[in-house]
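Right, one structure below, let's go through it.
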Amino acid sequence: MDSKANLPAETSTKSISGAEIVIRCLNEEKVKFVFGYPGGAVLHIYDAIYKQNGFKHILVRHEQAAVHAADAFSRATGEVGVALVTSGPGATNAITGIATAYMDSIPLVVISGQVPVPAIGMDAFQEVDMVGITRPCVKHNFLVKDVKDIASTMKKAFYIARTGRPGPVVVDIPKDITAHLTDFAYPKTVEMRSYSPVVKGHSGQIKKAVKMLLEAKRPMIYTGGGLVLGDGAEELIKLARALNYPVTNTLMGLGGFPATDKQFVGMLGMHGTYEANMAMQNCDVLLAVGARFDDRVIGNPAHFGGVKRTIIHIDVDPSSISKRVKVDVPIVGHVQSVLAEMNEILAQEKPQTNISDWWKQIGEWRLVHGGRYEQSSTIIKPQYVIEKLWEVTKGDAYVTSDVGQHQMWAAQYYKFDKPRRWINSGGLGTMGVGLPYAMGCQFADKNAQVACVTGEGSIQMNIQELSTCAQYHLPIKVILLNNRYLGMVRQWQEFFYEDRYSESYMDSLPDFVKLAESYGHIGMQITQPSDVEGALIEAFAKKDKFVFMDFITEQKENVFPMVENGKGLSEMELPKAKGAKQ
Amino acid sequence: MKHIISLLMENEAGALSRVAGLFSARGYNIESLTVAITEDPTLSRMTLVTTGSEDVIEQIIKQLNKLIDVVKVLDLNDGKHIERELMLVKVKASGVFKDEMKRMCDIFRGRIIDVADNSYTIELTGSCSKLDAFIEAIDKTAILETVRTGASGIGRGDRILKV
Ligand SMILES: Cc1ncc(C[n+]2csc(CCOP(=O)(O)OP(=O)(O)O)c2C)c(N)n1
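Those sequence lines, one after another, are chains A and B.
Quick note on my numbering: the first sequence kicks off at 1 and runs consecutively.
Quick note on my numbering: the second sequence kicks off at 1001 and runs consecutively.
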């Protein structure tokens, strides 16, 4: 996109309005899409949008979806996502989206309108203290009180959002400020004495880490969302292959290492594979990259810490290191640059690692569960749908998910070979992200296959976006694993509350086929296991159509393996062996 | 253990609430917090007194450093430092208390800065524990009102917190 050609007719020496300045800043940042929803406080900005063509504005149906879509656009592309909302209710509707992005460290700039400066604090119509409300769930936020500060603030906002540990930044702009006039000049660089994120890791520490890795008898590489966001996957693959060490990914880190690679032992954590969790627990040297040892990953930290092992931890955020687990070799730096430096050392050392006993042990663990589930010829198993989805899309789709059992099955059974393909809310666990996430991915890559794996509970939390998908002709495929339960809640009630299914049954569901059709989409309902593959092939063949696939699945299927809350990683619950598949 | 943490931050609206919000959101203790502008009007200096295990203090320092408005953080307990707090105490000064309060004030090297018919206001500076000791030492029934500023701290000698 040629940004110069998109500038308004005015030259930069002539005074322009704050609203036009906002647009010019977005053009300078080469923003392609702004996801938003208009309202009183942002009318000047919307008027300026009307007169520009530098970026495309996407009109969602709810501000939460605007932020989620911008978030997914960022996850898929690595660029900063941008959302625009009005003051008051527009701003509060955006909060869930902002908090979701914050928990997963996604770079966003969210522009919110505010009541005019003289009205601030007067309980004005549609006034809410956006800076106050968002403070705990943003990397930083700004209230702009002078039109002269818009450009420098926008520059800082993009810089802060994308550097260091990324995160959402809110820029709150009062309406009168967007009408005031001033000259426009976009700063070329930003200097902030209070913010200078570390890039290069400490060379001494890096050397020490490589030495420890080479001495390992039972090594393990554990990578998280930070590896994906830091674009470090390529360097990690190089490192892992040079060493021939096992690799596991967190839920957020899937795709950071190719899932079809023989060195991959699967996802770890609460619903991780048996082999990944056992190897994590029993390794003697652990290399953690862009991961944070959170509660859903290592279970009980005391149980995890009960075994002696050496931990090397690479992360761009020093506060992630030694937060839940004591680390022996901390390396603060950008994951890509640190891994590249490790690879340089390894290239000189030409390591001859031999860990065949460890691989043999891992091989035995692989046989214990191995992703088996009980197949059926009469009722659709949710795991089977995901396996077929992987086959039909040749493992190359963007897969977004909502939150619940379907999310875990998608993570377990879709083998992600590339980073930035698996888009889900790992940190906040926000039901309702799936459909707006799929929109963000489809805008990021208009020819890509995009699948939204969801549950009938989650999809209804942002179902209004079916309308947005129609307006912009997004050929998303919704894969609804319809079990008529808030499945994940039901599973916990089965395990921990003696089958008392309190408010977890989903009654009065819409006819999803008709609902989809009412928006001009294609709807399909699939009830037979034998129809699953054919239906998927048919749906994905419709390259320019949105298809809503309602799979009626086994109602009480459970997600296994499972590490119960408070238990240790090696204390997994496995399904009771019946005539299991494979 | 008790730690005195000094920090320099941008003198911007809302900077104080970011620090206070961090402490409440993450469940850290604040025993006292003082903040005022420095000789450079773009910077404020804050002194925070907190308690916690070494791990918690390490996290507090890291989390403070992460705040965008925070320019520099120093844990004064990492080296030699001086700590001072100011307290104003209004005490009864009638009957038996009249001489007693004057005597205690002298022992603690305080100053009586206001005298009314039945009360004195005593000004006292020193470490937090000295101020605690004064409160312990005088008769509780004599105390009418107290106000403390919270601790300020500075490193000894060459230990300087500056940008
Ligand atoms: C906004 C929100 N509300 C509540 C929850 C708690 N929760 C987690 S999973 C789940 C059930 C999800 O049900 P569904 O979308 O049907 O998926 P399933 O588990 O059946 O696959 C609930 C209610 C949540 N994660 N997010």
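Just so it is clear, CB atoms sit at the ideal spot from N, CA and C, and this is done for glycine as well.
Keep in mind the model is a prediction, meaning the values are calculated, not measured.
DSSP three-state assignment for residue i, whether helix, strand or coil
| i | result |
| --- | --- |
| residue 1109(B) | coil |
| residue 330(A) | strand |
| residue 6(A) | Caution applies to residue 6(A), whose pLDDT of 46 falls short of 50 and renders its modelled position unreliable; the value that the coordinates give is listed next. Of the three classes helix, strand and coil, the one that applies to residue 6(A) here is helix, per DSSP. |
| residue 1069(B) | coil |
| residue 129(A) | coil |
| residue 585(A) | For residue 585(A) there is no data in the structure shown, the boundaries of chain A being 1 and 582. |
| residue 520(A) | coil |
| residue 1092(B) | strand |
| residue 411(A) | helix |
| residue 1123(B) | strand |
| residue 1004(B) | strand |
| residue 578(A) | Bear in mind that a pLDDT of 48 at residue 578(A), under 50, signals an unreliable position, so the number given afterwards is only what the model happens to contain. Three-state DSSP puts residue 578(A) in coil, outside helix and strand. |
| residue 502(A) | coil |
| residue 149(A) | helix |
| residue 1(A) | Model confidence at residue 1(A) stands at a pLDDT of 37, short of 50, so the residue's coordinates are unreliable; what they give is reported in the following sentence. It is coil, neither helix nor strand. |
| residue 172(A) | strand |
| residue 559(A) | coil |
| residue 75(A) | helix |
| residue 11(A) | For residue 11(A), the predicted structure reports a pLDDT of 47, less than 50, and the residue's modelled location is therefore unreliable. A value from the coordinates is still provided. Residue 11(A) falls in the coil class under three-state DSSP. |
| residue 1010(B) | strand |
| residue 1097(B) | helix |
| residue 462(A) | coil |
| residue 382(A) | helix |
| residue 548(A) | strand |
| residue 135(A) | helix |
| residue 311(A) | strand |
Reference residue i, options the options, closest by Cα
| i | options | result |
| --- | --- | --- |
| residue 245(A) | 214(A), 256(A) and 254(A) | 214(A) |
| residue 353(A) | 436(A), 212(A) and 278(A) | 212(A) |
| residue 1006(B) | 1106(B), 1076(B) and 1135(B) | 1076(B) |
| residue 1088(B) | 1030(B), 1050(B), 1066(B) and 1135(B) | 1135(B) |
| residue 323(A) | 377(A), 151(A), 295(A) and 342(A) | 295(A) |
| residue 363(A) | 532(A), 280(A), 331(A) and 265(A) | 265(A) |
| residue 1010(B) | 1069(B), 1080(B), 1162(B) and 1146(B) | 1069(B) |
| residue 399(A) | 525(A), 454(A) and 495(A) | 454(A) |
| residue 405(A) | 222(A), 559(A), 189(A) and 124(A) | 559(A) |
| residue 668(A) | 114(A), 481(A) and 338(A) | An answer regarding residue 668(A) cannot be provided, because it is not within the stretch 1 to 582 covered by chain A. |
| residue 1027(B) | 1035(B), 1012(B), 1152(B) and 1056(B) | 1056(B) |
| residue 1159(B) | 1031(B), 1085(B), 1078(B) and 1125(B) | 1078(B) |
| residue 357(A) | 319(A), 53(A) and 219(A) | 219(A) |
| residue 1060(B) | 1137(B), 1021(B) and 1156(B) | 1021(B) |
| residue 155(A) | 27(A), 16(A) and 459(A) | 27(A) |
| residue 84(A) | 78(A), 71(A) and 76(A) | 71(A) |
| residue 309(A) | 321(A), 291(A), 320(A) and 287(A) | 287(A) |
| residue 420(A) | 259(A), 74(A), 148(A) and 198(A) | 74(A) |
heavy atom of ligand 1 below 7 Å from residue i C-beta
| i | result |
| --- | --- |
| residue 431(A) | yes |
| residue 455(A) | yes |
| residue 383(A) | no |
| residue 555(A) | no |
| residue 424(A) | no |
| residue 489(A) | yes |
| residue 515(A) | no |
| residue 122(A) | no |
| residue 461(A) | yes |
| residue 435(A) | no |
| residue 405(A) | yes |
| residue 519(A) | no |
| residue 497(A) | no |
| residue 93(A) | no |
| residue 286(A) | no |
Any C-beta of chain E under 8 Å from that of residue i
| i | result |
| --- | --- |
| residue 1005(B) | No chain E appears in this structure, whose protein chains are A and B. |
Exercise. Does the count of Cβ pairs from the segment 444-460 of chain A and the segment 388-404 of chain A closer than 8 Å reach three?
Worked result: Verdict: yes, contact present.
Exercise. Are the segment 126-138 of chain A and the segment 77-92 of chain A touching by the rule of at least three beta carbon pairs closer than 8 Å?
Worked result: Cβ pair count under 8 Å is three or more, so yes.
Problem set entry | Three CB pairs or more closer than 8 Å across the segment 534-541 of chain A and the segment 260-273 of chain A | The segment 534-541 of chain A vs the segment 260-273 of chain A: no contact.
Problem set entry | Any 3 or more C-beta pairs closer than 8 Å across the segment 474-488 of chain A and the segment 548-565 of chain A | Per the Cβ contact rule, the segment 474-488 of chain A is in contact with the segment 548-565 of chain A (3 or more Cβ pairs under 8 Å).
Exercise. Should the segment 287-305 of chain A be regarded as contacting the segment 187-194 of chain A, the criterion being three or more beta carbon pairs within less than 8 Å?
Worked result: As far as the Cβ criterion goes, the segment 287-305 of chain A does not touch the segment 187-194 of chain A, which means the pair count is below three.
Exercise. Do the segment 161-172 of chain A and the segment 108-115 of chain A make contact, defined as three or more Cβ pairs closer than 8 Å?
Worked result: By the criterion of at least three beta-carbon pairs nearer than 8 Å, the segment 161-172 of chain A is in contact with the segment 108-115 of chain A.
Problem set entry | Validate contact between the segment 1039-1046 of chain B and the segment 1102-1113 of chain B using beta carbons, cut 8 Å, 3 pairs | Not touching, per the Cβ criterion.
For this session: Check whether the segment 472-486 of chain A touches the segment 542-551 of chain A, taking contact to mean three or more Cβ pairs, one atom from each stretch, closer than 8 Å.
Result: Because the criterion of three Cβ pairs below 8 Å is met, the segment 472-486 of chain A and the segment 542-551 of chain A touch.
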